[in-house]
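Student: Positions in the sequence shown are counted from 1; adding 225 to them yields this note's numbering. Pasting a structure below so you can have a look.
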Amino acid sequence: MNKSEYWDNIVEQYQRESIIFSSDFHYGPLIDGDSVLKLLPRNIKNKNCLELACGGAQNSIYLAKKGANCTALDASAAQIAYAGKLAQKNAVQIDLQVMSMEQLNSQSGCFDLIHSAYGFNFAADLNKVIKTCGELLNKDGVLLFSMPHPLFSGEFLELDDESGLFIKEYFSISPDLRLDEDANETARSYFYSIDEISTVLAQNSFLIERICEPQICEDPPYTSKCWEEYRPQMLRFPGTIIIKAVKN
Ligand SMILES: C[S@@+](CC[C@H](N)C(=O)[O-])C[C@H]1O[C@@H](n2cnc3c(N)ncnc32)[C@H](O)[C@@H]1O
Numbered sequence: 226m227n228k229s230e231y232w233d234n235i236v237e238q239y240q241r242e243s244i245i246f247s248s249d250f251h252y253g254p255l256i257d258g259d260s261v262l263k264l265l266p267r268n269i270k271n272k273n274c275l276e277l278a279c280g281g282a283q284n285s286i287y288l289a290k291k292g293a294n295c296t297a298l299d300a301s302a303a304q305i306a307y308a309g310k311l312a313q314k315n316a317v318q319i320d321l322q323v324m325s326m327e328q329l330n331s332q333s334g335c336f337d338l339i340h341s342a343y344g345f346n347f348a349a350d351l352n353k354v355i356k357t358c359g360e361l362l363n364k365d366g367v368l369l370f371s372m373p374h375p376l377f378s379g380e381f382l383e384l385d386d387e388s389g390l391f392i393k394e395y396f397s398i399s400p401d402l403r404l405d406e407d408a409n410e411t412a413r414s415y416f417y418s419i420d421e422i423s424t425v426l427a428q429n430s431f432l433i434e435r436i437c438e439p440q441i442c443e444d445p446p447y448t449s450k451c452w453e454e455y456r457p458q459m460l461r462f463p464g465t466i467i468i469k470a471v472k473n
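Quick look at the structure:
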């Protein structure tokens, strides 16, 4: 099974179980959106924005409502079909494309903002994707992405009188493998240490402007029953890391 097949098969369930509003710009489950975190560039009207691994493209829909010109891509045709219907329902125009992040190249356009929520962790080659983002961004363009926090690779243990995170290995964190009923791998989500993220950005001439490790909040723009189960852990440890970087 290739990786888009995995997503094509679970899109209906993913979109049914993930409650993601397009009335705010989300960064991940159970955490505040941009109305609180304020990481997006201020004046987004008429800016050219590209969303990678867009899923239902709720973030592009949010930006399009603010007057941005939006392009959004995803490797899964089923996600793009869902995004198309959602864009129509919200009466916005988005250039939606079935394409993997790795297929992007320097000819793919010219953007002021490239963003991705929980997408870069699925890239087979993060360095290649970030390098291409650098080629596609205008000077002072912004790269804004979120992914599972490396601490979230840990196992939360309830011991006799204590509970906490147990991390076997931080310097080379094993990916989270998605397996089918026959234990065949269908997709993998990578964890990156903060040092790995900052190194790959620096190597590709990005300056990090912010690293955010938000705590969960009361009224998030993205929630789901399955993430709610992690609420006790996520009250104490960050589940998501958000990076805002500027092209140097
Ligand atoms: C966890 S979902 C996140 C979707 C969306 N950004 C959101 O916040 O709901 C991950 C998405 O990445 C897409 N994806 C996985 N690997 C990809 C790749 N190599 N290139 C582009 N999209 C990919 C999947 O199809 C899926 O829609």
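Backbone N, C-alpha and C define an ideal beta-carbon position, used for all residues, glycine too.
(1) Looking at C-alpha atoms only, which residue of K353, V317, D320 is the closest neighbour of M326?
(2) Whose C-alpha, out of T424, G359, P463, I441, is nearest the C-alpha of G334?
(3) Go to R413, then tell me how far its beta strand (DSSP E) extends in each direction, as first and last residue.
(4) Per DSSP, what are the beta-bridge partners of Q322 in this structure?
(5) Quickly, what does DSSP pair I339 with across the bridge? List them, please.
(6) Using a Cβ-Cβ cut-off of 8 Å, state whether K270 counts as contacting chain D.
(7) Where do the ends of the alpha helix (DSSP H) carrying G359 lie?
(8) Under the three-state reduction of DSSP, which class applies to F462: helix, strand or coil?
(9) Once you ignore the five residues that flank A342 on each side, which residues in its own chain have a CB closer than 7 Å to its CB?
(10) Assess, as a yes-or-no matter, whether the region 404-415 is touched by the region 443-461 under the definition of 3 or more beta carbon pairs within less than 8 Å.
(11) Below 7 Å, is the gap between the Cβ of L311 and the nearest heavy atom of ligand 1?
(12) Jot down the residue ranges of each uninterrupted beta strand (DSSP E) in the region 422-458, minimum 3 residues, whole runs only, in chain order.
(13) What would DSSP say about F250, mapped onto helix, strand or coil?
(14) Which one of Y307, D259, P266, S247 has the shortest CA to CA distance from D233?
(15) If we count the other Cβ atoms within 10 Å of its Cβ and call it buried at 16 or more, is G366 buried or exposed?
(16) Using three-state DSSP, classify F391 as helix, strand or coil.
(17) Just the Cα atoms here: how many angstroms apart are A302 and K270?
(18) According to DSSP, simplified to helix, strand and coil, what is V317?
Tutor: Based on what the coordinates show:
(1) K353
(2) G359
(3) 410-414
(4) L298
(5) L275, L368
(6) You won't find chain D in this structure, because it holds only one protein chain.
(7) 351-361
(8) coil
(9) H251, Y252, G253, N284, S371
(10) no
(11) no
(12) 431-437, 447-449
(13) coil
(14) Y307
(15) buried
(16) strand
(17) 28 Å
(18) coil
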